[in-house]
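Residue numbers (this note's numbering): 13 to 731.
Have a look at this one:
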């Protein structure tokens, strides 16, 4: 039964085929990374999942599963993957506790609270700090690039996965179409067989009547009457002449011989076919309901298959439309969307690098200097990064968890169908059955297990018992009935012999043309003359009746139809046997493609490049985050050493984040001490003319530099 195609189905198939053939290879080979997320050989990860899966399928409720050992399985599974995804979460919490608020507090304290030194940091110290920052920056940049490039491989893998799903639709449609095609062929053969058997049944019913009330019976009676009249003629001629009529007329002698043969044909040979005809009629009447029932069931199956094919094609068309939408969106650079996760790293790298370069310029006694811009830029970079760092570590941990789960789910998807009874449980398999025909339902697990075996078993082996008919058995019954009735060697009734009987009867009438009493040398005056002529008329009438009855009735037509349909029926039987043979049906229902296509879908996604790309991005996110934290510490150190942030108190609390301030006396003194001639006067001024103010509470004079009280010691000690 043909199935209609949805509108634009062929065009969409062409688009999908062309597009999938033109997928660009990924920019990066993830196999180069020394990372493996596979769980194939990790029984500690897989065994708890398999037990949980079986428990959920058998018990159903979460509470029952947890009470029956599910809690231990959950604990075992979490322990098996806990370190992998828990470490980034712990690092994120530690960074939140130790590197978030504490860094900001320490930064502010460096401006306001710390005891400052008038002596600048040594060149060696600054060089070491710069090298450390450079190393942390390079490592951060390396893992940032690896993460972004690795993330770009996910899009080609997703495209490949979508194309594999498209192939699954195509192969499923092809499988169903093949089954529908064979079913339609068998259905057509079944209908033809039913019509042929019905035609044979009508012919056999007609022939069955010919032996009682039809042409054979009437012709036999007529020939028998002619034979009786012939005997009467012989007796009368012998009585009148004393000679046998055969001795007196050669034509009569030939007539008697032919009459005997015709009588044998019509009254002995043809009636002998009656048992064969009756047996054939009984066999046909017994087979016809079975054939009609099988045809009806096949018609129902074919209709159902056609509807399923239509639904699959409609679903396939909708899927290709969604696939086209993804392709359209993916052409806009979506493969680089993973870079969004590394924006905080880019900020701390770019702003930190720019700030460090700016801080290489000497500080100056101005509001806006290159060095001050460097301090603010680098500070903005690391503050922005520390805002997002804990969240990024947690995102990395969640991504690692998703990667591990996808790997395990992919393993289960591939492995569970191979042994559903052991993985899903016998109760689950008993509840999920399949009805194809009107016979006994079968477990879906039987079908799946055969199709996903290492050496796939045809679905026909499992589906065959679900049909309440067996076309092969029916065809064999028809063939056996034909053999038992002698049909295979010829028809149960010889229509040619029936035609021969009519021809012979007509020939006998013609042979008697001109034969009368005078033929036997009996004069008209003889008392037997008229009686002999009367008997001859009876003979002619009966032979004519026999010939006309055979020719004019439908018995010859019935016999001809039966003779003609036997070869046709035998051919149909042979074709049905070929089409319904186990070899042909197993080929049609071969379902090994299911495992191949399922693995083709899982391989690039849950157990392939999509999973590996997500895992690589997560791992690079965590590692780059760790190095970025190290870079943050180095940037703070360079702010202190190159930007003079830690040498003197900073700006007022109301605007200490981004204010513009002039270097205080301590900074000037430090620069003068370091050989900066531009600030030497300020240093001299600092030493010779300290600024004094009276402490109203204590009643003493305390020297103050840049608004921060120094210890109550001699000035030289503080400087």
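Just so it is clear, CB atoms sit at the ideal spot from N, CA and C, and this is done for glycine as well. Here the structure is a predicted model, which is why all the values come from computation and not from measurement.
Legend entry - CA-to-CA distance, residue 162 to residue 616, given in whole angstroms: 14 Å
Legend entry - Inter-residue spacing [alpha-carbon to alpha-carbon] between residue 350 and residue 158: 11 Å
Inset, instruction - Spell out whether any CB of chain C is found under 9 Å from the CB atom of residue 556. - result: Of the chains in the structure shown, none is chain C; there is only one protein chain.
Inset, instruction - Pick out the complete alpha helix (DSSP H) segments inside the region 255-335, 4 residues or longer, and give them in chain order. - result: 257-260 and 262-276
Legend entry - Residue nearest to residue 283 in terms of C-alpha spacing, selected from 612, 620 and 220: Ranking the options by Cα distance to residue 283, first place goes to 220.
Inset, instruction - Work out the CA separation of residue 586 and residue 208 for me, nearest whole Å. - result: 14 Å
Inset, instruction - Would you be able to state if there are at least three C-beta pairs under 8 Å between the region 462-476 and the region 599-615? - result: yes
Inset, instruction - Sort 420, 457 and 517 by Cα distance to residue 437 and report the nearest one. - result: 457
Inset, instruction - Evaluate residue 514 with the Cβ neighbour count: other Cβ atoms within 10 Å of its Cβ, from every protein chain shown; 16 or more gives buried, anything less gives exposed. - result: Burial call: buried.
Legend entry - Buried or exposed by the 16-neighbour rule on C-beta atoms within 10 Å, applied to residue 105: exposed
Legend entry - Coarse secondary structure for residue 225, derived from DSSP in three states: coil
Legend entry - Backbone secondary structure at residue 446 - three-state DSSP: strand
Inset, instruction - Specify whether the region 572-581 and the region 164-184 touch according to this definition: at least 3 beta carbon pairs, one from each stretch, less than 8 Å apart. - result: In short, these stretches do not touch, since the Cβ pair count stays below three.
Legend entry - residue 724 classed as buried or exposed, judged by whether at least 16 other C-beta atoms fall within 10 angstroms: Because the pLDDT at residue 724 is just 37, under 50, the model does not fix this residue reliably, and the value given afterwards should be weighed accordingly. Its Cβ having fewer than 16 others within 10 Å, residue 724 is exposed.
Legend entry - Through-space distance from residue 59 to residue 73, alpha-carbon basis: Between the C-alpha atoms of residue 73 and residue 59 there is a straight-line separation of about 20 Å.
Inset, instruction - Can you give me the Cβ contacts of residue 670 inside the same chain, cut-off strictly under 7 Å, excluding the 5 residues immediately before and after it? - result: Residue placement at residue 670 cannot be trusted, given a pLDDT of 48 that sits under 50; what the coordinates show is reported in the next sentence. Within the same chain, residue 670 has close Cβ partners 388.
Legend entry - Opening and closing residue of the alpha helix (DSSP H) in which residue 577 lies: 567-591
Legend entry - Three or more C-beta pairs below 8 Å linking the region 541-548 and the region 519-528: Yes: the two stretches touch, three or more of their Cβ pairs being nearer than 8 Å.
Legend entry - Residue closest to residue 302, alpha-carbon to alpha-carbon, out of 487, 169 and 232: 487
Legend entry - Distance between residue 37 and residue 29 (C-alpha atoms, nearest Å): 17 Å
Inset, instruction - Could you have a look at residue 454 and say whether DSSP puts it in helix, strand or coil? - result: strand
Inset, instruction - Put residue 49 into one of helix, strand or coil per three-state DSSP. - result: coil
Legend entry - Residue interval of the alpha helix (DSSP H) (run including residue 611): 605-614
Inset, instruction - Taking 8 Å as the threshold, find out whether the region 615-629 comes into contact with the region 413-420 through three or more Cβ pairs. - result: As far as the Cβ criterion goes, the region 615-629 touches the region 413-420, which means the pair count is three or higher.
Legend entry - Host alpha helix (DSSP H) of residue 411 (start-end): That run of the alpha helix (DSSP H) goes 382-427.
Legend entry - Close-in-space but distant-in-sequence residues of the same chain around residue 156 (CB under 8 Å, 5 per side omitted): 354, 357, 358, 361, 632 and 636
Legend entry - Backbone secondary structure at residue 439 - three-state DSSP: helix
Legend entry - Counted within 10 angstroms of its Cβ, other Cβ atoms place residue 462 as buried (16 or more) or exposed: buried
Inset, instruction - Assign residue 714 to buried or exposed, taking buried as 16 or more other Cβ atoms, counted over all protein chains shown, within 10 Å of its Cβ. - result: Because the pLDDT at residue 714 is just 30, under 50, the model does not fix this residue reliably, and the value given afterwards should be weighed accordingly. It is exposed - the Cβ of residue 714 has fewer than 16 other Cβ atoms within 10 Å.
Legend entry - residue 28 in three-state terms, based on DSSP: helix
Inset, instruction - Would you check if there are 3 or more beta carbon pairs closer than 8 Å linking the region 516-524 to the region 550-568? - result: yes
Inset, instruction - Pull up the distance between the alpha-carbon of residue 412 and that of residue 381, whole angstroms please. - result: 45 Å
Inset, instruction - Determine, using beta carbons only, whether residue 408 and residue 634 come nearer to each other than 9 Å. - result: yes
Inset, instruction - Using the Cα positions of residue 564 and residue 231, report the straight-line distance between them to the nearest angstrom. - result: 12 Å
Inset, instruction - Could you say which of 538, 643, 484 and 535 lies nearest to residue 590 if we only look at CA atoms? - result: 484
Inset, instruction - Count the other C-beta atoms from every protein chain shown that fall within 10 angstroms of the C-beta of residue 536, then say buried if there are 16 or more, exposed otherwise. - result: Residue 536 comes out exposed.
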